[in-house]
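Counting from 4, one number per residue, gives the positions in the sequence shown under the numbering used here. Shown next, in structure tokens, is the structure this report addresses.
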Amino acid sequence: MKKDLHPSNYRPVVFKDMSNEYAFLTKSCIDTKETIQWEDGNEYPLVKLEISHTSHPFYTGKMKLIDTAGRIDKFRTRYNKK
């Protein structure tokens with residue numbers, strides 16, 4: 004195996020889907036400020052996701068749109084036809 008192939012901050016990180024509380028542990032280099040205690044009792048950096056494969060309509064077969072930022076409401080108020 005080649006030396007210095009991965010960055011120095013390549014470590015286990017928890018990714019959590021905030022729409023349905025699904026979380027998974029994988030390795031990543033992403034910088035985070037939050038941490039979470041995982042099922043094994045260890046504390047890992049946390050990355051919050053708005054959507055994942057467990058909540059995306061393509062993978063679930065359900066046409067459910069989760070608007071966490073209010074973008075649709077802003078669009079409707081801006082371009083509301085009277």
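C-beta atoms are modelled at their ideal positions from N, C-alpha and C, and glycine is treated no differently. Since the model is a prediction, treat every value here as computed from it, not as a measurement.
N- and C-terminal bounds of the alpha helix (DSSP H) containing residue i
i             : result
isoleucine 75 : 74-81
Segment limits, beta strand (DSSP E) that includes residue i
i            : result
glutamate 37 : 37-40
lysine 51    : 46-52
proline 15   : 14-20
leucine 28   : 26-31
Residue j beta carbon less than 8 angstroms from that of residue i
i            : j             : result
proline 15   : threonine 35  : no
valine 50    : isoleucine 33 : yes
threonine 57 : tyrosine 13   : no
Inter-residue spacing [alpha-carbon to alpha-carbon] between residue i and residue j
i             : j                : result
arginine 41   : phenylalanine 78 : Just to set this straight, residue 41 is tryptophan in the shown sequence, not arginine. So the two alpha carbons sit approximately 38 angstroms from each other.
lysine 19     : lysine 6         : 31 angstroms
serine 55     : leucine 28       : 13 angstroms
asparagine 83 : arginine 74      : 14 angstroms
threonine 80  : serine 31        : 39 angstroms
glycine 44    : histidine 9      : 26 angstroms
Rounded distance between the beta-carbons of residue j and residue i, thought under 8 angstroms
i            : j         : result
glutamate 53 : serine 22 : 7 angstroms
Burial state of residue i, where buried means 16 or more other Cβ atoms lie within 10 Å
i         : result
serine 11 : exposed
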